[in-house]
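In this text, residue positions in the sequence shown follow this note's numbering: the first is 922, and each later residue adds one.
Below is one structure, written out as structure tokens; comments come after it.
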Amino acid sequence: MSEKANFSNIYKFYDLINTILTLGFDKSWRGKAINSLTGTSVLDLGSGTGASYKQLLKYETTAIDPDKKMLELNPFENKVIGSAENLPFKDNSFDNVFCSFVWRNASDTNKALDEVYRVLKPGGRFVLLDMTRPKNSFLRILHKIGTFKILHLIGLITFNLKEYRFLYKSLDFYPQPENHLKKDNFIDLKIKRMGLFDFVYLAVFTK
Ligand SMILES: C[S@@+](CC[C@H](N)C(=O)[O-])C[C@H]1O[C@@H](n2cnc3c(N)ncnc32)[C@H](O)[C@@H]1O
922 MSEKANFSNI YKFYDLINTI LTLGFDKSWR GKAINSLTGT SVLDLGSGTG ASYKQLLKYE
982 TTAIDPDKKM LELNPFENKV IGSAENLPFK DNSFDNVFCS FVWRNASDTN KALDEVYRVL
1042 KPGGRFVLLD MTRPKNSFLR ILHKIGTFKI LHLIGLITFN LKEYRFLYKS LDFYPQPENH
1102 LKKDNFIDLK IKRMGLFDFV YLAVFTK
């Protein structure tokens, strides 16, 4: 991907916009994803402003994000600046890597998946939640029109057209998760769809 979103430009609006875009369902989708966690330790990968903070309270969580400004608003105690493609942790460090609404921003998902595998303990889980396009071609067109209009409108209102255009395009960066996500070295991978038109997916990898 040559284009990148600069989340520093939109960090103040990020949580609000996410709630609008997901029609307020983001919390319940995160909750469903968190139900798949195991053990006690979690790496919240791409933690941003810490939207998962309250839902992850019972876990020993380390938050990591490349964006300093997003992390400044993040309430987790253990915070690290870093990216999915180069995780600054030892092998077999966490019971879980939790990653919500981040994966389509990663510049190299193969490298990121290798890194996630490396830092997970044996039996650990990689719980991946993200948005994509609906599988049904008619619903996909409706979804494209809807997200185009909403994201461009928000971009104009907040004077951050470039960032919101990136968010719109990012929904098409990768093929559908059922075709794109591979088990690789993991012993199990389950993918399920959620949300209106099934435009959200939850993938649970087990090491
Ligand atoms: C859409 S926000 C999601 C924040 C939070 N996880 C949530 O559920 O709302 C995307 C976050 O991914 C971070 N990000 C972008 N590229 C990343 C990468 N390569 N590795 C880790 N995080 C990344 C951004 O800085 C941003 O904070």
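We put the CB at the ideal spot given by N, CA and C, even for glycine.
- Here F1059 is exposed, its C-beta having fewer than 16 other C-beta atoms within 10 Å.
- Remark: the C-beta of F1022 is in contact range of ligand 1, defined as less than 8 Å to any heavy atom.
- Closest in C-alpha terms to Y1038, from the list I941, I1108, F1120 and K979, comes I1108.
- DSSP, read as helix, strand or coil, puts T940 in helix.
- Per DSSP, the unbroken beta strand (DSSP E) holding F1047 starts and ends at L1041 to M1052.
- Short of 7 Å from the beta carbon of W1024, and not among the five residues preceding or following it, lie these beta carbons of its own chain, in chain order: T1030, L1049 and D1051.
- The count of Cβ pairs closer than 8 Å, one atom from the segment 1003-1019 and one from the segment 956-972, reaches three, so the stretches are in contact.
- Spanning the alpha carbons of L1082 and G945 requires a straight line of approximately 22 Å.
- Nearest Cα to E1084 within the set N1007, L1072 and K990: L1072.
- Membership of L1077 in any beta strand (DSSP E) is not indicated; the residue belongs instead to the alpha helix (DSSP H) covering S1058 to I1078.
- In the three-state DSSP reduction, S968 falls in the coil class, being neither helix nor strand.
- About 17 Å separates the beta carbon of F1126 from that of T1053, a gap too long to meet the 8 Å contact definition.
- Judged by their CB atoms, V1018 and F1047 are nearer to each other than the 9 Å cut-off.
- When rounded, the separation of the alpha-carbon atoms in V1040 and L1008 is 8 Å.
- Of the candidates Y1095, F1118 and G1045, F1118 places its Cα closest to the Cα of L1063.
- Annotated three-state conformation of L1082 is helix, per DSSP.
- The DSSP-derived three-state label of E981 is strand.
- When secondary structure is reduced to three states using DSSP, A954 falls in the helix class.
- Taking 8 Å as the upper bound for CB-CB distance, G960 and G1076 are not in contact here, some 40 Å apart.
- In the DSSP secondary-structure assignment, D986 is bridged to I1002.
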